[in-house]
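Chemist:
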Amino acid sequence: MRASSQDYFDALYERSDDPWRIAGNWYEQRKRGLVTAMLPRLRFRHAFEPACGSGELSLELGRRCDRLLCSDFSATAVEIAQERWQQAGAGSRGATCDARFVRMAVPEEWPEQLGPAFDLIILSEFGYYLAPDALNTLPALANASLAADGVLVACHWKHDFAQRVHSTAAVHALFDALDGLHRCGHYEDADFLLDAWSREPRSVATLEELT
């Protein structure tokens, strides 16, 4: 992250526990639906969601994952996300999902010591904030952490804003260039770009023996 980012995000969460109105507006609800619909498998063993923010997508992922590691650059965001997870209850967030919420600056504190532990990594709405050197290290870290059947998802806003360092297209192009990953889903509209890559080259229909 850039040096100014800590104060920027801390100030946002001091003013509101949902600074981007992620919980209630239809744009965000629809986007979460598209992200989860893009996933090529019904269940995942262990997912990693850096930049989890206030945890709304985390709740959706909890329905699809056995374990979930959620992190954010802002300690306040982590507290909010964990509280929402607990308040949602097992019926809303996945009765069998074991989730951890930790303060973590990605990519500097990427959990690479775990090795290829994650079969799902969600990179949502933060790649364009990173300093150039940090962004350039992110794809390799994600690739090294993906399991043999892993899935990587990236989703980013397309419109310009003051804190943007990189274009959304440039961020996704770095992941698209990774060896050993096959694009399994792509969605783009006027507002955001959503891509998914998998270690598995076969389509969902092929795996379900429909073709």
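Residue numbers for the sequence shown follow numbering that gives the first Met the number 0, beginning at 0 and rising by one. Every residue, glycine too, gets a C-beta built ideally from N, C-alpha and C. Just so it is clear, the structure is predicted and the values come from calculations on it, not from any experiment.
Could you give the DSSP three-state label for Asp175: helix, strand or coil?
Modeler: Asp175: helix per DSSP, three-state reduction.
Chemist: Does any C-beta atom of chain D lie closer than 8 Å to the C-beta of Ala204?
Modeler: The chain inventory of the structure shown lacks chain D, comprising one protein chain alone.
Chemist: Is it true that the CB of Arg201 sits closer than 8 Å to the CB of Leu145?
Modeler: No, the Cβ-Cβ distance between Leu145 and Arg201 is not below 8 Å.
Chemist: Assess contact between the stretch 102–116 and the stretch 42–57, defined as three or more Cβ pairs (one per stretch) separated by less than 8 Å. Is contact present?
Modeler: Yes, since at least three Cβ pairs between the stretch 102–116 and the stretch 42–57 fall closer than 8 Å, the two stretches touch.
Chemist: Beta carbon of Arg99, beta carbon of Cys69: below 8 Å?
Modeler: Yes. Within cutoff.
Chemist: With H, G and I counted as helix, E and B as strand and the rest as coil, what does DSSP make of Glu187?
Modeler: In the structure shown, Glu187 sits in a strand (DSSP, three-state: E or B).
Chemist: Tell me which same chain residues have a C-beta within less than 7 Å of the C-beta of Leu33, skipping the five on either side of it?
Modeler: Counting only Cβ-Cβ distances below 7 Å, and skipping sequence neighbours, we find Tyr186 and Leu193.
Chemist: For Thr210 and Ala204, what's the separation of their Cα atoms in angstroms?
Modeler: Going by the C-alpha atoms only, they are around 6 Å apart.
Chemist: I'd like the ranges of any alpha helix (DSSP H) spanning at least 4 consecutive residues and lying wholly in the stretch 21–95.
Modeler: Complete alpha helix (DSSP H) runs here, min 4: 25–37, 55–61, 74–87 and 89–92.
Chemist: Closest to Leu38 by C-alpha separation, out of Ile79, Cys154 and Met103, would be which residue?
Modeler: That would be Cys154, whose Cα lies nearest to the Cα of Leu38.
Chemist: Would Ala50 and Ser166 qualify as a contact pair, given that the criterion is a beta-carbon distance under 8 Å?
Modeler: Taking 8 Å as the Cβ cut-off, Ala50 and Ser166 do not qualify as a contacting pair.
Chemist: Only counting the same chain, and skipping five residues up and downstream in sequence, which positions put a Cβ closer than 7 Å to that of Phe191?
Modeler: Closer than 7 Å at Cβ, skipping near neighbours: Lys30, Cys154, His155, Trp156 and Lys157.
Chemist: Whose C-beta lies closer than 6 Å to the C-beta of Ile120 among residues of the same chain, with five residues either side of it excluded?
Modeler: Only Phe47, Ala141 and Leu151 meet the Cβ criterion.
Chemist: What is the rounded straight-line gap between the Cα of Ser53 and the Cα of Glu208?
Modeler: If you take the alpha carbons of Ser53 and Glu208, they lie about 39 Å apart.
Chemist: Is DSSP giving Ser166 helix, strand or coil here?
Modeler: It is coil, neither helix nor strand.
Chemist: So what's Gly126 in DSSP terms, helix, strand or just coil?
Modeler: The answer is helix: DSSP assigns Gly126 an H, G or I state.
Chemist: Is Ala189 buried or exposed, if buried means 16 or more other CB atoms sit within 10 Å of its CB?
Modeler: So Ala189 ends up on the exposed side.
Chemist: Since I believe Val77 is in contact with Leu129 (beta carbons under 8 Å), could you give me their beta-carbon distance rounded to a whole number of angstroms?
Modeler: Leu129 to Val77, Cβ: 19 Å. No contact.
Chemist: Using a threshold of 8 Å, state whether the C-beta atoms of Ser138 and Leu173 are closer than that.
Modeler: Strictly speaking, residue 138 in this sequence is Pro, with Ser absent from that position. Closer than 8 Å, so yes.
Chemist: Can you tell me where the alpha helix (DSSP H) holding Val203 begins and where it ends?
Modeler: Its alpha helix (DSSP H) spans residues Val203 to Leu206.
Chemist: What does the Cβ neighbour count give for His171, buried or exposed, with the cut at 16 atoms within 10 Å?
Modeler: It counts as buried.
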